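The block underneath contains the structure these notes are about, expressed in structure tokens.
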Amino acid sequence: MPFQLTDEQVLTRDSVREFAEAEIAPIAAEIDQNHRPPLESIGKLAEAGLLGMLIPEEYGGAGLDALSYAIAIEELSRVCATHGVLVEAHSSLCTWAIAHHGTEDQKRKYLPDLASGEAVGAFGLTEPNAGSDASSLATTAVRDSDEFVLNGQKIFITNGGFAKTFVIMARSTDAPGVKGISAFIVERGRPGFEILEPERKMGIRGSSTTPLAFTGCRIPAANLLGQEGAGFKIAMQILDGGRTGIAAQAVGIAQGAFEAACKYAKERVQFGRPIAALQAIQWLIADMAVDIAAGRALVYRAADLESRGEPHGQAAAMAKLFCGEMATRVTGKAIQVHGGVGYTEAYPVERAYRDAKITEIYEGTSEIQRLVIARHYLR
Amino acid sequence: MRIVVLHKWAPDPQEATVGADGSVDFSRAKAAVSDYDAVAIQCGRQLADAAGAALVGVSVGGEAAARPVATKSALARGLDEVVVVSDPELEEAGSARTAQAIAAAVAALGDVGLVLAGDSSVDVGARMVPAVVAGRLGWPVLADVDSVALAGGSVAVERLAPEGVQSISAALPVVIALTSEAVKTKAPGMKDVLGAGKKPVTVKSLADLGLTALSEGAVTSRAKLGGPARKGVVIDTSDPAAAAAELVDALRAAGALA
Chain X
411 MPFQLTDEQV LTRDSVREFA EAEIAPIAAE IDQNHRPPLE SIGKLAEAGL
461 LGMLIPEEYG GAGLDALSYA IAIEELSRVC ATHGVLVEAH SSLCTWAIAH
511 HGTEDQKRKY LPDLASGEAV GAFGLTEPNA GSDASSLATT AVRDSDEFVL
561 NGQKIFITNG GFAKTFVIMA RSTDAPGVKG ISAFIVERGR PGFEILEPER
611 KMGIRGSSTT PLAFTGCRIP AANLLGQEGA GFKIAMQILD GGRTGIAAQA
661 VGIAQGAFEA ACKYAKERVQ FGRPIAALQA IQWLIADMAV DIAAGRALVY
711 RAADLESRGE PHGQAAAMAK LFCGEMATRV TGKAIQVHGG VGYTEAYPVE
761 RAYRDAKITE IYEGTSEIQR LVIARHYLR
Chain U
20 MRIVVLHKWA PDPQEATVGA DGSVDFSRAK AAVSDYDAVA IQCGRQLADA
70 AGAALVGVSV GGEAAARPVA TKSALARGLD EVVVVSDPEL EEAGSARTAQ
120 AIAAAVAALG DVGLVLAGDS SVDVGARMVP AVVAGRLGWP VLADVDSVAL
170 AGGSVAVERL APEGVQSISA ALPVVIALTS EAVKTKAPGM KDVLGAGKKP
220 VTVKSLADLG LTALSEGAVT SRAKLGGPAR KGVVIDTSDP AAAAAELVDA
270 LRAAGALA
């Protein structure tokens, strides 16, 4: 399945790379060291059209196809994985959900602000006792006249510290298992909606990852997203697109580390010549290049299927599984090429290694991806 | 009024390789709108918006110059439209032939008050084209310009000189070559990228412009480029102090330092 990128996809890659190197690269190490969310980037990302990628033009977005979007996430993540996931969670998990499942009123109310950066989006599915087993979620949304009353807790919510528009999954009927789950749009600042202290993480340290607490939080019934009881199905659709996005993030992290390793191998001299002349290093570089190319091909395949409206859940799971594990492999080899200095904060590969690990975990662990893939073939 | 910006679809020197004999191999370098031309386009966009003028890109070259990816790359940076003179005779043309084709394209457009060029072409870097274009058009040329402002029928520019800032005014029409720092460029946004393909592109041949035989002019002298042969010494910089000492020793050994 050959992929010939369109002119627009080539320009998307080049433009996002130029943007990322000019605006993000200078702060990438600092936000990691200080666990600091890059709030100053939000306006810049919006101006570059990177917060409205999955929002249709009539609501202020750019309306990009899924492959262009994946390319943009890769390019952001090549320079800084924190920015990659900030944009990915905002886009795949929030704006896509409202654009595809929202009513006309909901789209007009929320999408323009999400495209302009006035609001950043987030998504709340995971709970303390509902991780991979999302069907066990315990947050409730009880109908009271023309409102729903939310109670419960969410954890590991990307962009939680500064997002204004949250897509929240909660149990709204007594129907057992996944059938009782519905999706809601919840605005920051609602009484009874509290954002708790952010996690201090191993990687993507600039990404704001917070718990959310709902205590008698009243939201208008009009904030129900999609049909009541359809929340789990919506969540799984959201994650199909999201997994391609995280796979693209993983490719970007690996690509950045790979380029750093090539540069270092050509500069570092041992035994009287650059270490790039040593076959031991050449083999590492070759294996990294093949790994990245294979991962990117899986991402392009999943995104291409999604762009053409074809079923893409299994392809997205394959891309997410392979690319997450690939990014950990490749960034580890990038440190190996660097030797001792690669283990220090003076070089970007140690950050890449820490950032890569999460791509094997969030938006579905590698084990869940294997489950999705196996079920596709064994059904 | 139209403001014209000159831009070239040229291989990126960052991706070129330099051989042991000093020769430069561009064969594996990806083509792009150069950083210098991006400065000219962005400056032109600001001037055109302020003056209510149309911003037209003019590019000349071989077949590659007219490829959609080439014209869209320039349009995404803010041009309103592009005119490409694409002709086999312009493949790797020198400054004189390039400038003749540009001048003819500018003359054919009509109502052009200002032609903006970047500091130089990114691959050749001769810095001659703006002056030759101006000569062909019979207009003045101002080079090494750091800032430009239009006021009625004239232009006011500033140039940084060792003794201070030099301010010059000139009546339009005029050709201006900008420095690479004249404006800070900005990457095209996603809407710019998607909108680029919807803007008009006109492709012309030399014959369309009434040009038959282009001349590179008489060659008055030739000089082989490049200095002494490279020694290929690579210094390990992992210990900066030791690397500096090694560099000094090498320069002394070569007689470059006393």
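In order, the protein sequences belong to chains X and U.
Position in the first sequence (from 1) plus 410 gives the number in the numbering used here.
Position in the second sequence (from 1) plus 19 gives the number in the numbering used here.
Glycine included, C-beta positions come from ideal geometry on N, C-alpha and C.
From a predicted model like this one, the values you see are computed outputs, not experimental measurements.
Asked: Please identify the residue among U:Glu111, U:Val79, U:Ser92 whose C-alpha is closest to the C-alpha of U:Ser105.; Found: U:Val79
Asked: Within its chain, find whatever has a CB closer than 8 Å to the CB of U:Ala50; leave out the 5 residues flanking it on each side and keep chain order.; Found: Trp28, Ala29, Pro30, Asp31, Ala83, Ala89
Asked: Assuming X:Ala657 contacts X:Ala703 under a Cβ cut-off of 8 Å, what Cβ separation, rounded to an integer in Å, is found between them?; Found: X:Ala657 to X:Ala703, Cβ: 14 Å. No contact.
Asked: Please classify U:Val143: does DSSP put it in a helix, a strand, or coil?; Found: coil
Asked: Looking at the secondary structure, which residues open and close the alpha helix (DSSP H) in which X:Glu677 lies?; Found: 641 to 677
Asked: Would you mind working out which of U:Ser173, U:Gly157, U:Cys62 sits nearest U:Ile187, comparing C-alpha positions?; Found: U:Ser173
Asked: Among U:Ala57, U:Ala39, U:Thr36, whose alpha-carbon lies nearest the alpha-carbon of U:Leu25?; Found: U:Ala57
Asked: Check whether the segment 758 to 768 of chain X touches the segment 718 to 730 of chain X, counting contact only when three or more Cβ pairs, one atom from each stretch, lie closer than 8 Å.; Found: no
Asked: Would you call the CB atoms of U:Ser92 and U:Val52 closer than 8 Å?; Found: yes
Asked: State yes or no: is the C-beta of X:Val552 within less than 8 Å of the C-beta of X:Arg628?; Found: no
Asked: If you draw a straight line from the C-alpha of U:Pro36 to the C-alpha of U:Asp142, how long is it?; Found: Sequence check: residue 36 of chain U is Thr here, not Pro. Approximately 12 Å, taken between the alpha carbons.
Asked: Can you list, in chain order, the residues of its chain whose CB lies under 7 Å from that of U:Val167, leaving out five sequence neighbours each side?; Found: Cys62, Leu66, Val174, Val176, Ile195
Asked: Is the shortest distance between the beta-carbon of X:Leu524 and the beta-carbons of chain U less than 8 Å?; Found: no
Asked: If you measure between the beta carbons of U:Gly81 and X:Ala458, is that distance less than 8 Å?; Found: no
Asked: Determine, using beta-carbon pairs with one atom in the segment 564 to 583 of chain X and one in the segment 519 to 531 of chain X, whether at least three such pairs fall under 8 Å.; Found: yes
Asked: Any idea if U:Gly41 is buried or exposed, counting beta-carbon neighbours within 10 angstroms, 16 or more meaning buried?; Found: exposed
Asked: Kindly indicate which residue of X:Ser542, X:Glu537, X:Asp556 has the alpha-carbon position closest to the one of X:Thr550.; Found: X:Glu537
Asked: CB-CB under 6 Å to U:Gln185, same chain, minus the five flanking residues each way: which ones, in chain order?; Found: Arg178
Asked: By the criterion of Cβ-Cβ separation under 7 Å, what are the contact partners of U:Lys210 in chain X?; Found: Gly459, Ala472
Asked: Return the residue from the list U:Ala69, U:Asp99, U:Ala275, U:Lys205 that minimises the CA-CA distance to U:Val77.; Found: U:Asp99
Asked: Under 9 Å between beta-carbons, which chain X residues line up against U:Val7? List them in chain order, please.; Found: As shown, chain U starts at 20 and ends at 277. That puts residue 7 of chain U outside it, with no answer to give.
Asked: Could you tell me the distance, in whole angstroms, from the CA atom of U:Val125 to the CA atom of U:Trp158?; Found: 12 Å
Asked: Flag X:His417 as yes if its beta-carbon sits less than 8 Å from any beta-carbon of chain U, otherwise no.; Found: Correcting the residue type first, residue 417 of chain X is Asp in the shown sequence and not His. Yes, X:Asp417 counts as interfacial toward chain U.
Asked: Buried or exposed: X:Phe429, going by 16 or more other Cβ atoms within 10 Å of its Cβ?; Found: buried
Asked: Anything in chain X within Cβ reach of U:Leu213, meaning under 7 Å, just list it in chain order.; Found: Glu418, Ala472
Asked: Between the Cα of X:Asp477 and the Cα atoms of X:Phe413, X:Gln689, X:Glu557, which residue gives the shortest distance?; Found: First, the amino acid is wrong: residue 477 of chain X is Leu here, not Asp. For the residues X:Phe413, X:Gln689, X:Glu557, the minimum Cα distance to X:Leu477 belongs to X:Phe413.
Asked: Would you kindly work out how many angstroms separate the C-alpha atoms of X:Leu694 and X:Val747, rounded to a whole number?; Found: 7 Å
Asked: Since X:Lys743 is in the alpha helix (DSSP H), which residue starts that stretch and which ends it?; Found: 723 to 748
Asked: Do the segment 507 to 527 of chain X and the segment 629 to 637 of chain X make contact, defined as three or more Cβ pairs closer than 8 Å?; Found: yes
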